[in-house]
Amino acid sequence: MYEKEEAKLHDMQKDLEKISIPEDELNQAIQQGMQIAKSSKRRKKRSFKRIAWSISIAALLFITLVTSIRVSPAFAKTVASIPGLERLVDLIQYDKGLQAIVDNKYYEAIGVSQTKDNIKFTIDGVIVDESGMVIFYTTESPTKLSSGDYGMIEIFHNGKSLEGSTEYGYPDQEDKKYRTDEITFTFGEQQKYSSKEFELKLNLRNEQKTSFSIPFTLKKDIQKGKVFTINKEIIMDGQKIVIEDITLYPLRVAVNMTFDQRNTMRILNFEDIRIEDEHGEIWGSIRNGITSFGGNDDHQRTFFLQSNFFKQPKNLYLKFDKVQALPKKDAYIIVDLNKEKVIKGPYKDKLEITNISKLSIEAKMEGKHEDLPYQLFYGLKDFEGRELDTNSWSGWSDNDSVHWQVGIEPQKIVNPVKVYFSAYPNYLKGSTSIQIK
Amino acid sequence: MEPQELAQQAIKEDDNAFLAIMQLYKNDLYRTAYAFLKNEHDAIEAVQEVTVRAYQKIHTLKEPAYTKTWLIRIMMNYCQDQIAKNKRFTSNEKLQEIATMDDTSFLELNEAMASLSKKDQQLITLKYLQDTKIKDIAVLENIPEGTVKSRLHKALQSLRTFWSKGGENTDV
Chain A
1447 MYEKEEAKLH DMQKDLEKIS IPEDELNQAI QQGMQIAKSS KRRKKRSFKR
1497 IAWSISIAAL LFITLVTSIR VSPAFAKTVA SIPGLERLVD LIQYDKGLQA
1547 IVDNKYYEAI GVSQTKDNIK FTIDGVIVDE SGMVIFYTTE SPTKLSSGDY
1597 GMIEIFHNGK SLEGSTEYGY PDQEDKKYRT DEITFTFGEQ QKYSSKEFEL
1647 KLNLRNEQKT SFSIPFTLKK DIQKGKVFTI NKEIIMDGQK IVIEDITLYP
1697 LRVAVNMTFD QRNTMRILNF EDIRIEDEHG EIWGSIRNGI TSFGGNDDHQ
1747 RTFFLQSNFF KQPKNLYLKF DKVQALPKKD AYIIVDLNKE KVIKGPYKDK
1797 LEITNISKLS IEAKMEGKHE DLPYQLFYGL KDFEGRELDT NSWSGWSDND
1847 SVHWQVGIEP QKIVNPVKVY FSAYPNYLKG STSIQIK
Chain B
12 MEPQELAQQA IKEDDNAFLA IMQLYKNDLY RTAYAFLKNE HDAIEAVQEV
62 TVRAYQKIHT LKEPAYTKTW LIRIMMNYCQ DQIAKNKRFT SNEKLQEIAT
112 MDDTSFLELN EAMASLSKKD QQLITLKYLQ DTKIKDIAVL ENIPEGTVKS
162 RLHKALQSLR TFWSKGGENT DV
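Chains as they are written, first to last, in the numbering used here: chain A, 1447 to 1883; chain B, 12 to 183.
This is the structure we're talking about:
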């Protein structure tokens, strides 16, 4: 019936078979592909979605990898009796604010489930405040569960999706039919809730794209943020920084700052930003999640610290000494992704660019650098100023060095590309202490 | 090991088995990529990207018997996304590149393929370039064999229409 068309197709197949196979390049492509896949799968992976509000805002992740868990047996016993709460044990080692949440019984057990496509999703418990939310959940299935990856995760309140960034892990659990983990939301702005009713909507990245939509209602009152207006200008190493306000929430403390446009240095990471009370007790940066919000170019940043919300200190101070910064013209490297070449290297060569391809950039630094974030590069811009889409960020360390990798989405790119730093071991001189109350 | 056993091992996240599977099908993957993207460089890159995706998704492969078709489908999806992304830039440059190949059937077919819907492109590629059995396509797509056949007929009809409109004079 379609002999002629089929004959043509057959000819095309023959032509295709005639093309030579670049054996070496293909083997290399497969090897590299496996490496890329593995490095982004290597450890508990954090995935986070960009915030969708106003101007483009980048979230900065800082994950400290701690292998040992130190929790007192008595504490472990308390938490084991409340569903979902046992997982907080893992998290508390990173964040003393969470310990206070447990001590003050601010965690709320929920226990609402929905079953779809033979997969049961249960919200075990939640922590909700005006800055964000942590949802502890369990998924169960009679057959093996696919990876813990989600197409979409949203929290609805009053018919509106709460905008913010979401993080979740890919726990490497032995039993593939059962998975427990938590999803952390960090909202773009303070939420004023009109009720205690919420709905979690998400879909799995499995074949059926199974989607869940689970309403839940809180019994406890949602604690309101305590705002301290500061509006204080400080000068550190000639750079002007304005501390605008500080808000205490149960899950985190948010510090809003602006950097003067005329500064000669681009301010990156605040390595030891902390609040201190009159007894010298210290609450530092969030260690296992979003540490700050702020765009690539804009001069406003919000830093997140561990919370002392449940304490009633007489006095409170904001302190920082180690502020990472780079001269504005050295705040990025320039690479050619096509030619796989570095055009302008990192400031004072403290970092080594180990690999460049169209799909990824890898770098390493000798020594241990626990104070550098999981995401060393902040944003990529091509020659035409387009911000490039990235699909993975990873960091890992071996015996003698720390490595970072950023995965780049296949897209139209005009080389060369500027790659900005989110952190760099170069510091402003001086130290700062401001009284909050 | 048989391909099917290899696939079974690969699903269990055995790296060596996964590598063996990729070695086994790399030529088919490359040729498929070439058919869509029409140049060596992009086709090699496509193989790398498909390796990444396959490695991350291998646990979702339900039937080891269909590993090859599963991989080809990932490849086709990737290529079609790439083409959509680069649509603005596929002007004459690409056409010239193909024209340097001495066989005009390739060029002619490419134009005709581009006129098909994404679904039909995939169907034609599976059936005629990869010799996939209609039965296998039916299982993979989870539709009856009759539906696959009628879809194929429709796709072939589209090709015929395309050729009768424009390509006839170069054909004779």
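Glycine is no exception: its CB is placed at the ideal position from the N, C-alpha and C atoms. Nothing here was measured: the structure is a model prediction, and the numbers come from that model.
*With C-beta atoms as the reference, is G1735 (chain A) less than 8 Å away from E1613 (chain A)?*
yes
*Inspect the beta-carbon positions of L40 (chain B) and I83 (chain B) and report whether they are closer than 8 Å.*
yes
*Mind reading off the beta-carbon distance from S1806 (chain A) to V1865 (chain A)? Whole number of angstroms is fine, and I expect it under 8 Å.*
About 11 Å; that fails the 8 Å criterion.
*List the residues of chain A whose Cβ lies closer than 7 Å to the Cβ of A46 (chain B), in chain order.*
L1462
*Please report how far the alpha carbon of I1882 (chain A) lies from the alpha carbon of S1738 (chain A), in whole angstroms.*
20 Å
*Which of helix, strand or coil does DSSP assign to A46 (chain B)?*
helix
*asked:* In whole angstroms, give me the CA-to-CA distance for F1867 (chain A) and L1818 (chain A).
replied: 11 Å
*What did DSSP end up calling E179 (chain B) once you bin it into helix, strand or coil?*
The predicted model places E179 (chain B) with a pLDDT of 45, which falls under 50 and marks its position as unreliable, so this point remains unresolved.
*From A:I1859, A:N1761 and A:Q1758, pick the residue whose C-alpha is nearest to that of K1785 (chain A); which is it?*
A:I1859
_CB of P1862 (chain A) within 8 Å of CB of D1795 (chain A), strictly_ = no
*Report the partner residues of N1702 (chain A) according to the DSSP bridge assignment.*
A:D1691 and A:T1748
*Can you have a look at P1408 (chain A) and say buried or exposed, based on whether 16 or more other CB atoms are within 10 angstroms of its CB?*
Residue 1408 (chain A) lies beyond the stretch modelled for chain A, which goes from 1447 to 1883, so this question has no answer here.
*asked:* Could you compute how far the alpha carbon of T43 (chain B) sits from the alpha carbon of D92 (chain B)?
replied: 14 Å
*Mind checking the segment 25 to 44 of chain B against chain A and listing, in chain order, the residues whose C-beta falls within less than 8 Å of any C-beta there?*
D26, F29, L30, M33, Q34, K37, N38, Y41 and R42
*Using 8 Å as the limit for Cβ to Cβ distance, is E1586 (chain A) near chain B?*
no
_Taking the alpha carbon of E1808 (chain A) as the reference point, which residue from A:F1658, A:L1822, A:T1675 and A:Q1758 has its own alpha carbon closest?_
A:L1822
*Per DSSP, which one or two residues make a beta bridge with Y89 (chain B)?*
DSSP lists no partner for Y89 (chain B).
_In the DSSP output, what is D1782 (chain A) paired with across the bridge?_
A:K1787
_Looking at chain A, is there any beta carbon in it that lies within less than 8 Å of the beta carbon of L134 (chain B)?_
no
*State the start and end residues of the unbroken beta strand (DSSP E) segment that holds R1625 (chain A).*
Y1624 to F1633
*asked:* Counting only Cβ-Cβ distances shorter than 9 Å, please list the residues of the segment 133 to 153 of chain B near chain A, keeping chain order.
replied: I135, K138, Y139, L140, Q141 and D142
*Taking the CB atoms as reference points, tell me whether A31 (chain B) and L17 (chain B) lie closer together than 8 Å.*
yes
_Can you pull the chain B neighbours of L1714 (chain A), defined as C-beta to C-beta under 7 Å?_
Chain B residues near L1714 (chain A): none, gap ~30 Å exceeds 7 Å.
*asked:* Classify I1681 (chain A): buried if its beta carbon has 16 or more other beta carbons within 10 angstroms, exposed otherwise.
replied: exposed
*Are the beta-carbon atoms of N1715 (chain A) and A1869 (chain A) separated by less than 8 Å?*
yes
*Status (buried if at least 16 other CB within 10 Å, exposed otherwise) for F1429 (chain A)*: Here chain A comprises residues numbered 1447 to 1883, so residue 1429 (chain A) is not present and cannot be evaluated.
*Compare the C-beta of K1883 (chain A) against all C-beta atoms of chain B and say whether one is closer than 8 Å.*
no
*Just the C-alpha distance for G1791 (chain A) and T1800 (chain A), rounded to the nearest angstrom, thanks.*
11 Å
_Neighbour flag for Y77 (chain B) against chain A, beta carbons, 8 Å_ = no
*asked:* Checking 8 Å against the spacing of the C-beta atoms, do I148 (chain B) and L137 (chain B) come in under that value?
replied: yes
_Span separating the alpha-carbon of I1687 (chain A) from that of T1704 (chain A)_ = 6 Å
*When you compare only the Cα positions, how much space is there between T1585 (chain A) and P75 (chain B)?*
26 Å
*Taking only beta-carbon atoms, is G1479 (chain A) less than 8 Å away from chain B?*
yes
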